[in-house]
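Chains A and B, in that order, are what the protein sequence lines are.
Going by the working numbering, the first sequence opens with residue 6, and the numbers climb by one from there.
Going by the working numbering, the second sequence opens with residue 5, and the numbers climb by one from there.
Ideal placement from N, C-alpha and C gives every residue a C-beta, glycine not left out.
Bear in mind that the values here come from a model prediction, so they are computed numbers and not experimental data.
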Amino acid sequence: EAGVTQFPSHSVIEKGQTVTLRCDPISGHDNLYWYRRVMGKEIKFLLHFVKESKQDESGMPNNRFLAERTGGTYSTLKVQPAELEDSGVYFCASSQGGQGKEKLFFGSGTQLSVL
Amino acid sequence: QKEVEQNSGPLSVPEGAIASLNCTYSDRVSQSFFWYRQYSGKSPELIMSIYSNGDKEDGRFTAQLNKASQYVSLLIRDSQPSDSATYLCAAERGFQKLVFGTGTRLLVSP
Numbered sequence: 006e007a008g009v010t011q012f013p014s015h016s017v018i019e020k021g022q023t024v025t026l027r028c029d030p031i032s033g034h035d036n037l038y039w040y041r042r043v044m045g046k047e048i049k050f051l052l053h054f055v056k057e058s059k060q061d062e063s064g065m066p067n068n069r070f071l072a073e074r075t076g077g078t079y080s081t082l083k084v085q086p087a088e089l090e091d092s093g094v095y096f097c098a099s100s101q102g103g104q105g106k107e108k109l110f111f112g113s114g115t116q117l118s119v120l
Numbered sequence: 005q006k007e008v009e010q011n012s013g014p015l016s017v018p019e020g021a022i023a024s025l026n027c028t029y030s031d032r033v034s035q036s037f038f039w040y041r042q043y044s045g046k047s048p049e050l051i052m053s054i055y056s057n058g059d060k061e062d063g064r065f066t067a068q069l070n071k072a073s074q075y076v077s078l079l080i081r082d083s084q085p086s087d088s089a090t091y092l093c094a095a096e097r098g099f100q101k102l103v104f105g106t107g108t109r110l111l112v113s114p
């Protein structure tokens, strides 16, 4: 079974440019999460999709960040325009639906560097 | 004060020893706690979850939770060099909305 896949693994862009990160969750997983780790800090929650709907986007830093989940499958996270403080590792995670204690599976992350 | 606190380490132990990793949390609302292991450049991998006070054992790993003291720990028995990684403690704040510590780096020397 394929795990959570993220593209690209690394992205280097200049301040002011746009970057789009992609996450392919494990097939059949309704829950999809974005987390971010900036240098020296802890991993922080950004938002949560249930299928194609945003369940919780309380962790999104500002309106330069836009997350979508087309048809409840893969998800994209766009940063426009990128700022220096957006640099970090962006993790995607997924889990099956339901209210039980489902295991959360993480991808290996996208390392974003804004210069 | 951070919501989940961990010593950054590194914690160095010899092969075969017990590694003890500790974590404290500030929000008493949290009921579920997790330990993730992350190798450099890889994805965080869930190794233990614990929901009630006491100990939970799984192979060489034992998680301990003390809600009165707001304290979570992970013991790794018979530590192996392959256990060398960063261990992340996380508290659940809402459905799978995790609050992480900064992680403790563990080094197991042969």
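query, result
"Compile a chain-ordered list of the residues in the region 57 to 83 of chain A whose CB is closer than 7 Å to at least one CB of chain B.", "Asp61"
"Would you kindly work out how many angstroms separate the C-alpha atoms of A:Phe110 and B:Arg109, rounded to a whole number?", "21 Å"
"Please report the straight-line C-alpha distance between A:Gly77 and A:Gly64, rounded to a whole angstrom.", "20 Å"
"Helix, strand or coil, according to DSSP, for A:Asp91 in the structure here?", "helix"
"Report the neighbours of A:His53 on chain B: residues whose CB is nearer than 8 Å to its CB, in chain order.", "Phe99, Gln100, Lys101"
"Would you say B:Thr106 reaches chain A, if we count a Cβ-Cβ gap shorter than 8 Å as a contact?", "yes"
"Hey, out of B:Ala21, B:Trp39, B:Ser12, whose CA is closest to B:Leu102's CA?", "B:Trp39"
"Determine whether the Cβ of A:Gly112 lies closer than 8 Å to any Cβ atom of chain B.", "yes"
"Rounded to whole angstroms, how far is the Cβ of B:Ser77 from the Cβ of B:Val112, which I believe are closer than 8 Å?", "17 Å between Cβ atoms; not a contact."
"Indicate the three-state DSSP secondary structure (helix, strand or coil) for A:Asp29 in the structure shown.", "strand"
"If you run the structure through DSSP and keep just helix, strand and coil, what is A:Thr81?", "strand"
"Can you tell me whether A:His15 is buried or exposed? The criterion is at least 16 other CB atoms within 10 Å of its CB, across all chains shown.", "exposed"
"Going by DSSP, name the residue or residues bridged to B:Glu61.", "B:Thr66"
"Taking buried to mean at least 16 other C-beta atoms within 10 Å of its own C-beta, is B:Asp31 buried or exposed?", "exposed"
"With a threshold of 6 Å on Cβ separation, who are the neighbours of B:Ser94 within its own chain once the five nearest residues in sequence on each side are excluded?", "Checking the sequence, you will find Ala at residue 94 of chain B rather than Ser. Answer for B:Ala94: Phe38, Leu102, Phe104, listed in chain order."
"Grab the span of the beta strand (DSSP E) containing B:Ala21 for me, first residue to last.", "No beta strand (DSSP E) contains B:Ala21, which DSSP labels as neither H nor E."
"Between the C-alpha atoms of B:Gly63 and B:Ala23, what's the straight-line distance to the nearest angstrom?", "14 Å"
"Short check: CB of A:Glu57 to CB of A:Arg74, under 8 Å?", "yes"
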